[in-house]
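Chains as they are written, first to last, in this note's numbering: chain V, 1 to 327; chain F, 328 to 654; chain B, 655 to 992; chain G, 993 to 1330.
Some notes on the structure that comes next.
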Amino acid sequence: MAVKQYIEAIHDALQEEMARDERVFVLGEDVGVRGGVFRVTAGLIEQFGEYRVLDFPLTESAIVGVAIGAAAAGMIPVAEIQFADFILPAVNQIISEAAKFRYRSNNDWNCPIVIRAPYGGGIHGALYHSQSMEALFTHVPGLKIVTPSTPEDAKGLLVSAIRDPDPVLFFEHKKLYRSIRGEVPEGEYSTPIGKAAVRREGDDITVITYGLGVHLALDAASHLEKEGISTHILDLRTLRPLDEQAILEAARKTGKVLIVHEDNKVCGVGAEVSAIIAEHALFDLDAPVRRLAGPEVPAMPFSPTLEKAYMLNTDKVAQEMRALAKF
Amino acid sequence: MAVKQYIEAIHDALQEEMARDERVFVLGEDVGVRGGVFRVTAGLIEQFGEYRVLDFPLTESAIVGVAIGAAAAGMIPVAEIQFADFILPAVNQIISEAAKFRYRSNNDWNCPIVIRAPYGGGIHGALYHSQSMEALFTHVPGLKIVTPSTPEDAKGLLVSAIRDPDPVLFFEHKKLYRSIRGEVPEGEYSTPIGKAAVRREGDDITVITYGLGVHLALDAASHLEKEGISTHILDLRTLRPLDEQAILEAARKTGKVLIVHEDNKVCGVGAEVSAIIAEHALFDLDAPVRRLAGPEVPAMPFSPTLEKAYMLNTDKVAQEMRALAKF
Amino acid sequence: MADKVRHIELGLTDQQVLDMYWYMVLARTVDERMWLLNRAGKIPFVISCQGQEGAQAGAGFALDPSKDYIAPYYRDLCLVLIYGHTAKSELLSAFGKPEDPNSGGRQMPGHFGDRKRRIITGSSPVGTQIPHAVGAALAAKMRGEDFVAYVSFGEGTSNQGDFHEAANFAGIHKLPVIFFCENNRYAISVPESKQLACKNVADRAAGYGFEGVVVDGMDPLEVYRVMKAAVEKARNGGGPTLVEAKTYRLVPHSSDDDDRSYRTREEVEEAKRGDSIVRLKQYLLDVGLLTEEKDAALRKKALDEVNEATAYAEKAPHADPATLTHYVYAEEAVHHGR
Amino acid sequence: MADKVRHIELGLTDQQVLDMYWYMVLARTVDERMWLLNRAGKIPFVISCQGQEGAQAGAGFALDPSKDYIAPYYRDLCLVLIYGHTAKSELLSAFGKPEDPNSGGRQMPGHFGDRKRRIITGSSPVGTQIPHAVGAALAAKMRGEDFVAYVSFGEGTSNQGDFHEAANFAGIHKLPVIFFCENNRYAISVPESKQLACKNVADRAAGYGFEGVVVDGMDPLEVYRVMKAAVEKARNGGGPTLVEAKTYRLVPHSSDDDDRSYRTREEVEEAKRGDSIVRLKQYLLDVGLLTEEKDAALRKKALDEVNEATAYAEKAPHADPATLTHYVYAEEAVHHGR
Ligand SMILES: Cc1ncc(C[n+]2csc(CCOP(=O)(O)OP(=O)(O)O)c2C)c(N)n1
Ligand SMILES: Cc1ncc(C[n+]2csc(CCOP(=O)(O)OP(=O)(O)O)c2C)c(N)n1
Ligand SMILES: [Mg+2]
Ligand SMILES: [Mg+2]
């Protein structure tokens, strides 16, 4: 096992899949010569040339639309949207087209594309370089939504996404890129889409989360341990399809559930998780299902005090966890 | 009180608001000479001329973007998106721009636009003339989402939407257009955005719904009444902001809640309603919170048998209600 | 006399030009049948090719269905017939029956698709298919294959952002793609003059660094000539062409439309006199490839096919409601079975 | 000699051309300060106007800030200074302080807005502002008022669907709007040649039925001349113009960029020799409106303003965290308080 940064793991998945299968190619703004504004694709153009690492004009709808067409003609495109915030011009191509290719053609066509996008805040990116976009797409049948929290998963899930015969949105939390390191298995492996992972076993309360939230919850849990509170943590990893069984097991384990995400609360992924629990595990609950999510404002501000007020952190998570434990 | 069709009520609201305030104007595809493909704007061009009833080129992003700009310069645009399905090319303008105009400018600018869109299925419209789009936008702070179920509300809420200083998405269920008639008050009135309405008082079970669902639930309730089951029905009317207080009251009233909507289930409005209940009224519940929603497929097919299988109807709603009552 | 050999000069055999005519007549016959079925309450929706058959025939014959991808739009009935669909397949679609090869009856009629025929599955939101064709053309270039991609759309649709973005990308990389605009003068009720301010849609090509050509879309041979050149250029690495075929929609926008509110009957009657089917028939009569008798026989053959297709499609079983949830994602079992 | 009176011939007074120069120098000084603050770790982000001041000054002076709406993009620092913003307002923004008139410190620097100055609030997703300006122009036309709307954007952004759709609509209705493309040759790392295949962005105007003009964006007087004509045309009902100013971005895309990976130092040095500030200074020296001494004084004044602004902005209080949830919607209480 080698220890890698989250961002390295993503880079490696791309590099290895491109080497393995020549149908796989990367397209997006600044992905080529510049190696991506976050440098995820650094070095790939040197290895694979300017068509397989394609610097695309500043047109997100066409990035996705062209990827769909290339996939129709047998390619496996991995599109990069520079910031998740800028996926919005491509929503029509994603929801009207990619998500419906298979269904509307009665299984005749399919759409094996991956759309990677860095999301999330805490990097002074202000309103438009900080947003979480996952809830919008989690609602949409036909799409798969992946939000890895560790380097191992980032690589393994990206490999699965590339090999998946249906469209996968792959959201990478920017704050994890270089702050999180972890062991990554040597050699080829993949992590299945649709399976959550228990990150910590515990008996008093359950935290269900994904992405950055996993790390905040783990941090908070080790604080709470000292206070005698034992926390069970479930990392959803895939938001669509949700791993219902794992969610219900985790909820039943402690009977007290806190759902944590940075995306805002209303109609967010936490709403669905809570509703699943309210539908199938209601009588196993010892406390109301709580949600800790980004505030109901359009996006996080640039102002450092406001950004801080917006962002989740270990303290905020710990506080909610304590309140839940005490319930 | 005059009895009007749902569609007439919408027409009247437009006509009266345009007569009242010359800043109000309508723009969209085929809204002028043709009076709209559903004929909502019929007759308006004759009364108000071709600029205030503006036949726009086939470009949804520009319909919304131009509306935003016109609003910035003092107008009150009411944009029509011909079918809610075709709102997707305008998502960037709606979510990145309209929803954030006020917040990002620290209250200096605002965006008083209305976007009307016919939604919903059951009219043989197939995948792209049948979709429900409300959940996507209900997630978004900065927007208001309105889904009237009666002619009275359709008019009163549209008047409120036009007078609202923030962007309002106004979704009109196509199946209600000509099938639903109801009393509409004479003279000027408005219905407040953000307030749900109890449509039926009952003691055994609660149905929370909106749009077409209200009529299905009312129908089903009158069947169930004969079986001795008494149904409480809450019409949400506004999806953002949700009327939390009314939701909790309705849930507590019977302790048994069924949420009904045509939009698909995962991360839909029902998820949020359920999560609100699980968070604030858990111990008042006598049964798991159930959701009856459109199936998790990309959209409803053209095939009459598949469309029927997709659509909610009185029977399906009644069946869920019965199961809940028996619980 | 010179005119008599027009199709020969263009490289079309006698049989080919007759086939062209056949597909146009067949498309019209299928289309007319759908209106009848709609008016009789048997099918809920029709969207027509009437008036655009000539443009589509000219385009279709310039392509190689054995390798070229097409991303057609909802009026391209004649084109997909040339690409191998039949009266039967389209009537199955009109009745929304699962045997329909386009979508298994899931989509409205006119929403074409067929993987084995390289007809990329289309949808209703206009313009989304344009980048798809460009993506297919990108694949051709990346793999060094010599197929081209073809995409068609209306003049109203040429205003959508997707047209602009896709054309721009195709221009930069000189991709083998043909943008074919079927300008039928209206986008539902909105006339060309309220849709765009340039004289020709083709004028837009200059903004993408490739050629734009205007062609009389009521003259299938002329469309063929222009398209043939565009296809050859694309196949030989010369990049994209925007071809604008000037046509006219002879019927309402769809079965839900009433076109009397936005155009005069005189205008429509005038356009009918220039109908491409009338014009090609005259050409074939002039060059001696057709007689009135042969024409009647050919039309009867079309009608027979359509009658048979209608009977079959009407009787074909409806989709099993249980299939509603099939094929949202790849299904293991089904997957291996294909 | 003829050249000596260029600004007079264009209708600019001596004072005006000196003011133009002042704004350019002030913009540059503010911009350079932001880089220093960023490199010192005091502000997290800078996005520059360097290289584009001349184009913006030429444009700004052709507009009437007392009535014309502008929808600027993130490089338009010089333009918003002409529209009444100051070193202080922009440094408040750079520090993300609530006194910032653009956004109360909510947005990144370079995200301009000011209702009372008719600067329409802008965002980061490129191109969205283009239909906003067109909408303002529509309002002018509907109300019969004589203001014009101005919108600027980069050449990369001219590929976005929003540009196409907005320009198309403006063309149809001959709206009083000026599309001003600041072509600085790069969209982050992607050079013009990989962004578009037409020679000039201005060539695209033909596709919308109005005029496109290319202008040397390093020559503020020439930009002024072209813009003045466009503004007059718009004000008099002549419709839109697409003005493309050829400029060059002299610094990296933003403080997060490293431009050495995609362009040579020689290319950048070469461009610096054509810097509009250098050129306008030379003109002013030539016509005797400026001396080196006066220039030094003017630059000192700019620096003083920037120093003062920096000190003020740095010390200004941060936003109260409780304000995070303010102004999502109209707030009754606050509303009446305004
Ligand atoms: C994105 C989108 N908006 C609106 C519609 C509704 N609609 C269907 S066809 C049409 C007009 C299309 O006009 P044009 O592109 O000229 O093609 P034509 O139908 O004339 O062949 C409209 C507005 C749609 N299908 N998709
Ligand atoms: C919709 C969208 N996609 C991507 C970005 C990221 N981005 C910011 S500026 C930029 C390049 C802009 O290039 P151009 O339009 O030429 O303007 P310039 O920065 O060169 O002045 C990109 C890709 C964005 N802001 N918005
Ligand atoms: Mg048309
Ligand atoms: Mg640029």
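All C-beta atoms, glycine included, are put in the ideal place defined by N, C-alpha and C.
None of these values were measured; they are calculated from a predicted model.
1. What number of angstroms, rounded off, separates the C-alpha of residue 107 of chain V from the C-alpha of residue 761 of chain B?
2. Leaving out five residues before and five after residue 1054 of chain G in sequence, what residues of the same chain have Cβ atoms less than 6 Å from its Cβ?
3. Taking the C-alpha atoms as reference points, what is the distance between residue 677 of chain B and residue 794 of chain B?
4. Quick check on residue 1168 of chain G: buried or exposed, where buried means 16 or more other Cβ atoms within 10 Å of its Cβ?
5. Can you tell which of V/133, V/159 and V/320 has its C-alpha closest to the C-alpha of residue 224 of chain V?
6. Starting from the Cα of residue 404 of chain F, find the closest Cα among F/393, F/557, F/562 and F/474 and give me that residue.
7. Relative to the alpha-carbon of residue 1013 of chain G, which residue among G/1045, G/1238 and G/1134 has its alpha-carbon at the smallest distance?
8. Need the endpoints of the beta strand (DSSP E) that residue 54 of chain V sits in, please.
9. Quick check on the DSSP output: the beta strand (DSSP E) that includes residue 1195 of chain G runs from which residue to which?
10. Note down the Cα distance separating residue 523 of chain F from residue 587 of chain F, rounded to an integer number of angstroms.
11. At a CB-CB cut-off below 9 Å, which residues of chain B make contact with residue 454 of chain F?
12. Can you give me the C-alpha to C-alpha distance between residue 988 of chain B and residue 48 of chain V, rounded to a whole angstrom?
13. Alpha carbon to alpha carbon, what distance is there between residue 577 of chain F and residue 469 of chain F?
14. Confirm, please, whether the CB-CB distance from residue 865 of chain B to residue 901 of chain B is below 9 Å.
15. Would residue 1151 of chain G count as contacting chain V if we go by Cβ distances under 9 Å?
16. List the whole-angstrom C-beta distance separating residue 109 of chain V from residue 769 of chain B, where the pair is believed to meet the contact cut-off of C-beta under 8 Å.
17. Can you list the residues of chain V that residue 1191 of chain G reaches, using a CB-CB cut of under 7 Å?
18. Which runs of the alpha helix (DSSP H) spanning at least 4 residues fall entirely within the stretch 472 to 548 of chain F, listed in chain order?
19. Write down the C-beta distance between residue 535 of chain F and residue 584 of chain F rounded to the nearest angstrom, noting that I regard them as a contact closer than 8 Å.
20. Considering only heavy atoms of ligand 4, does any lie closer than 8 Å to the CB of residue 1146 of chain G?
21. According to the neighbour-count rule (16 or more other Cβ atoms, all chains shown, within 10 Å of its Cβ), is residue 903 of chain B buried or exposed?
22. Does the Cβ-Cβ distance between residue 1187 of chain G and residue 58 of chain V come in under 9 Å?
23. Got a sec? Which residues, its chain only, sit under 6 Å from residue 1082 of chain G by beta carbon, not counting five neighbours each side?
24. Check residue 958 of chain B in the structure and name its three-state DSSP category.
25. Quick check: does the Cβ of residue 836 of chain B come within less than 8 Å of any heavy atom belonging to ligand 3?
26. Flag residue 840 of chain B as yes when its Cβ comes closer than 8 Å to any non-hydrogen atom of ligand 3, and as no otherwise.
27. Enumerate, from N- to C-terminal direction, the unbroken alpha helix (DSSP H) stretches of 4 or more residues contained entirely within the stretch 1244 to 1311 of chain G.
28. Can you find a heavy atom of ligand 3 that lies under 8 Å from the Cβ of residue 903 of chain B?
29. Output the distance between the C-alpha atoms of residue 456 of chain F and residue 313 of chain V, rounded to the nearest integer angstrom.
30. So if DSSP puts residue 835 of chain B in a beta bridge, which residue, or which two residues, is it bridged to?
31. Cutting at 6 Å between CB atoms, please list the residues of its own chain near residue 934 of chain B, excluding the five before and the five after it.
32. Name, in chain order, the residues that DSSP records as bridge partners for residue 1005 of chain G.
33. What are the complete beta strand (DSSP E) segments, minimum 3 residues, inside the stretch 242 to 314 of chain V?
34. Distance cutoff 9 Å, beta carbons only. Does residue 104 of chain V sit that close to anything in chain F?
35. Please confirm whether residue 34 of chain V has its beta-carbon closer than 9 Å to some beta-carbon of chain G.
36. Quick one, which residues of the stretch 307 to 319 of chain V are near chain G if we go by CB-CB under 9 Å, in chain order?
Result, derived from the coordinates:
1. 13 Å
2. 1216, 1219, 1220 and 1223
3. 28 Å
4. buried
5. V/320
6. F/393
7. G/1045
8. 53 to 55
9. Careful: residue 1195 of chain G lies outside any beta strand (DSSP E) and carries neither H nor E.
10. 15 Å
11. 757, 760, 761, 762, 765, 777 and 778
12. With a pLDDT of only 44 at residue 988 of chain B, under 50, the local geometry of the prediction cannot be trusted, and the value read off the model is given with reservation. Between residue 988 of chain B and residue 48 of chain V, the C-alpha separation is close to 35 Å.
13. 26 Å
14. no
15. yes
16. 5 Å
17. Residues of chain V passing the Cβ test: none, with the nearest at roughly 16 Å.
18. 478 to 490
19. 6 Å
20. yes
21. buried
22. yes
23. 1022
24. helix
25. yes
26. yes
27. 1257 to 1265, 1268 to 1278 and 1284 to 1307
28. yes
29. 43 Å
30. B/807 and B/898
31. 675 and 874
32. Per DSSP, none; premise fails for residue 1005 of chain G.
33. 257 to 264 and 290 to 294
34. yes
35. yes
36. 307, 308, 309 and 310
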